[in-house]
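Chains as they are written, first to last, in the numbering used here: chain A, 1 to 214; chain B, 215 to 428.
Shown next, in structure tokens, is the structure this report addresses.
Number of protein chains: 2
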Amino acid sequence: MTSSHTSKKQEKKQDPDLPPTAWAVLGLLSFPGERTGYELKKWADSSLRFFYWSPAISQIYAELRRLEELGYAASARSGPQEARAKRRYSITGAGREALSGWAAGTAEAGPPVLKHGLLLRIWLGHLAEPARLRAMVGEHLERTRAELAAVREAMEQAAGVAEWAFPALALRWSERQHLAELELGEALLTDLAELSPQEGGGGRQAVGDSPTPG
Amino acid sequence: MTSSHTSKKQEKKQDPDLPPTAWAVLGLLSFPGERTGYELKKWADSSLRFFYWSPAISQIYAELRRLEELGYAASARSGPQEARAKRRYSITGAGREALSGWAAGTAEAGPPVLKHGLLLRIWLGHLAEPARLRAMVGEHLERTRAELAAVREAMEQAAGVAEWAFPALALRWSERQHLAELELGEALLTDLAELSPQEGGGGRQAVGDSPTPG
DNA sequence: CTAGTCATATTCCGAATTGAAGTAAGACCG
DNA sequence: CGGTCTTACTTCAATTCGGAATATGACTAG
Chain A
1 MTSSHTSKKQ EKKQDPDLPP TAWAVLGLLS FPGERTGYEL KKWADSSLRF
51 FYWSPAISQI YAELRRLEEL GYAASARSGP QEARAKRRYS ITGAGREALS
101 GWAAGTAEAG PPVLKHGLLL RIWLGHLAEP ARLRAMVGEH LERTRAELAA
151 VREAMEQAAG VAEWAFPALA LRWSERQHLA ELELGEALLT DLAELSPQEG
201 GGGRQAVGDS PTPG
Chain B
215 MTSSHTSKKQ EKKQDPDLPP TAWAVLGLLS FPGERTGYEL KKWADSSLRF
265 FYWSPAISQI YAELRRLEEL GYAASARSGP QEARAKRRYS ITGAGREALS
315 GWAAGTAEAG PPVLKHGLLL RIWLGHLAEP ARLRAMVGEH LERTRAELAA
365 VREAMEQAAG VAEWAFPALA LRWSERQHLA ELELGEALLT DLAELSPQEG
415 GGGRQAVGDS PTPG
């Protein structure tokens, strides 16, 4: 426990207005078990990132230190009986309480932020060849399909475990989200074709896509 | 490492691996006309942000300075005939070329990053009351409807102008994206209701006793 | 068994980015 | 005439990120 006299004054108020990253890390800890920063990162990579990005590993460690300072997390070094030296973190009662408070807070959930590299390029479409744009959308569709598979894999992990009912729900949302993303991509392809129809003049038909039968 | 002679404009190599923000700002400049940093910010807020976030104003000015250093942008102070002193930026040939190169670069478009605060809270659903969760989804739906209206407003601005055909395309994508987001929210509401059915009484029915048939 | 590489575990640092505040001057409004 | 709003831009501290660096145990081929 951090019962030291760090003159941190009573943080009894409300959530000390931590950045979302801190809450996400604390959230990771709020599920049963103790974990190292490294494990946290892997878990974030395979689940959280689908709907809420995965913080940098260095950031995770930094947040863990802060969380411990605040008394929201506690850590223990592994003893000498364990082969590898590591520090395992767990959430404290205060941490759980603060997290609940934050989760219930209404004002904090700003609008979702989307940073879509493909769309940035589409937006700059006047600088590229139409064929190149279509190819990029195609790549995006494939990437999305791969992501979808990864989401489904994560869903399998979570399936059936009662404690993970809500994470499973988030993953289900993410599955649908990826499905929607695929449709969005297809529609974009159509729009793109309309905007700059295939030029028969130059014989420059690079994409090599098969026309949809139907 | 990199060559030590830091002369300003000899960066003929490739794209000097600028952060996406720099390319986004340069992209803003790639449309006809000269603009001030302030105007750029307003434009980003009303268009770019729907699919690729809007940088902080201080960041925009910083990027403009860097872009000018690199010879990708040129600026001119307004003369004394203009009421207000301001600096207008425009893209240079080198800038346009570099931007095209970047836009065509295949490796650079990483997967889209989504930071969805609502989903983070759903994921932590075990910490909140079911009714609270449903309320949050409801708020999200309303916010999304408002955003959708903003997207449509932006679309009206862009409509009909030939130079803005691609931005218009991106906005159309964004419109559909928001429509999909609404459906995702509705589905989430349904899932939530299934997971923890409405309680008539006042009791907190936690996870575990799921009367789900099948 | 032994070097080589892989996975785990963590720290460090420079650069990117934010957000808030400060400055200033023209514009609009009563 | 004064007030407040919008435009225009700068500065700065604090946050956050990503990549490199550092170890060490664990597995794998020869």
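The beta-carbon is built from N, C-alpha and C at its ideal position, and this holds for glycine as well.
Source: prediction; values computed, not measured.
Contacting positions in the stretch 122–135 of chain A - beta carbon closer than 7 angstroms to chain B:
Ile122, Trp123, Leu124, Gly125, His126, Leu127, Ala128 and Arg132
Beta-carbon separation of Val327 (chain B) and Gly399 (chain B) under 7 angstroms?
no
What residue range does the beta strand (DSSP E) around Ser304 (chain B) cover?
Arg301 to Ile305
In three-state DSSP terms, what is Ala364 (chain B)?
helix
Just mark Gln295 (chain B) as buried or exposed, buried being the case when its beta carbon has 16 or more other beta carbons within 10 Å.
exposed
What residues in its chain sit with their C-beta under 7 angstroms from that of Phe245 (chain B), if we drop five residues either side in the sequence?
Glu377
Report yes or no: do the stretch 379–387 of chain B and the stretch 117–128 of chain A share at least 3 C-beta pairs separated by less than 8 angstroms?
yes
Give me the Cα-Cα distance between Ala76 (chain A) and Glu39 (chain A), rounded to the nearest whole angstrom.
15 angstroms
Reduced DSSP secondary structure (H/G/I, E/B, other) of Leu141 (chain A)
helix
Can you tell me the Cα-Cα spacing of Glu69 (chain A) and Ile57 (chain A), whole angstroms?
19 angstroms
Grouping DSSP H, G and I as helix and E and B as strand, with all else coil, what is Leu114 (chain A)?
strand
Could you have a look at Arg75 (chain A) and say whether DSSP puts it in helix, strand or coil?
It should be noted that the sequence gives Ser, not Arg, for residue 75 (chain A). Strand at Ser75 (chain A).
Under 7 angstroms from the C-beta of Lys115 (chain A): neighbouring residues of chain B
Tyr266, Trp267, Pro326 and Val327
Of all Cβ atoms in chain A, is any one closer than 7 angstroms to the Cβ of Pro411 (chain B)?
no
Should Pro381 (chain B) be flagged as near chain A, meaning a C-beta pair shorter than 7 angstroms?
yes
Do Leu192 (chain A) and Leu133 (chain A) have their beta-carbon atoms positioned less than 7 angstroms apart in this structure?
yes
Classify Pro269 (chain B) as buried or exposed, calling it buried when 16 or more other Cβ atoms lie within 10 Å of its own Cβ.
buried
Does any residue of chain B have a CB that is nearer than 7 angstroms to the CB of Ser46 (chain A)?
no
If you run the structure through DSSP and keep just helix, strand and coil, what is Arg263 (chain B)?
helix
Kindly indicate which three-state DSSP category Arg84 (chain A) falls into: helix, strand or coil?
coil
Measuring alpha carbon to alpha carbon, tell me which of B:Leu243, B:Ala297 and B:Asp231 ends up nearest Leu278 (chain B).
B:Leu243
According to DSSP, what are the bridge partners of Arg249 (chain B)?
B:Tyr303
Could you name the residues of chain B that Ser218 (chain A) contacts, counting a contact when the two beta carbons are closer than 8 angstroms?
The first residue shown for chain A is 1 and the last is 214, placing residue 218 (chain A) beyond what the model contains.
By how many angstroms is the C-alpha of Trp102 (chain A) removed from the C-alpha of Arg88 (chain A)?
24 angstroms
On a CA-only basis, which of A:Ala83, A:Ala74, A:Ser100 and A:Gly71 is nearest Ala24 (chain A)? Give me that one, please.
A:Ser100
Relative to the C-alpha of Ala368 (chain B), which candidate in B:Tyr275, B:Ala401, B:Leu409 and B:Phe265 has its C-alpha closest?
B:Phe265
Rounded straight-line distance, which links the Cα of Pro111 (chain A) to that of Ser330 (chain B)
It should be noted that the sequence gives His, not Ser, for residue 330 (chain B). Using only the alpha carbons, I get a separation of about 7 angstroms.
Quick check: the Cα distance between Ala360 (chain B) and Phe166 (chain A), rounded to an integer number of angstroms?
27 angstroms
Proximity test, Cβ basis, 7 angstroms: Gly428 (chain B) and chain A
In this prediction, Gly428 (chain B) has a pLDDT of 32, which is less than 50 and means its spatial position is unreliable; what the coordinates show is noted afterwards. No, Gly428 (chain B) lies away from the interface with chain A (no Cβ there is under 7 angstroms from its Cβ).
For a contact meaning CB atoms closer than 9 angstroms, what does Asp231 (chain B) contact in chain A?
Neighbours of Asp231 (chain B) on chain A: none; closest Cβ ~15 angstroms, over 9 angstroms.
Give every residue of the same chain whose Cβ lies closer than 8 angstroms to the Cβ of Ala85 (chain A), excluding the five residues on either side of it in the sequence, and list them in chain order.
Arg77 and Ser78
Would you kindly check if the distance between the Cβ of Gly95 (chain A) and the Cβ of Ile60 (chain A) is under 7 angstroms?
no
Under the three-state DSSP convention, the category Gly241 (chain B) falls into
helix
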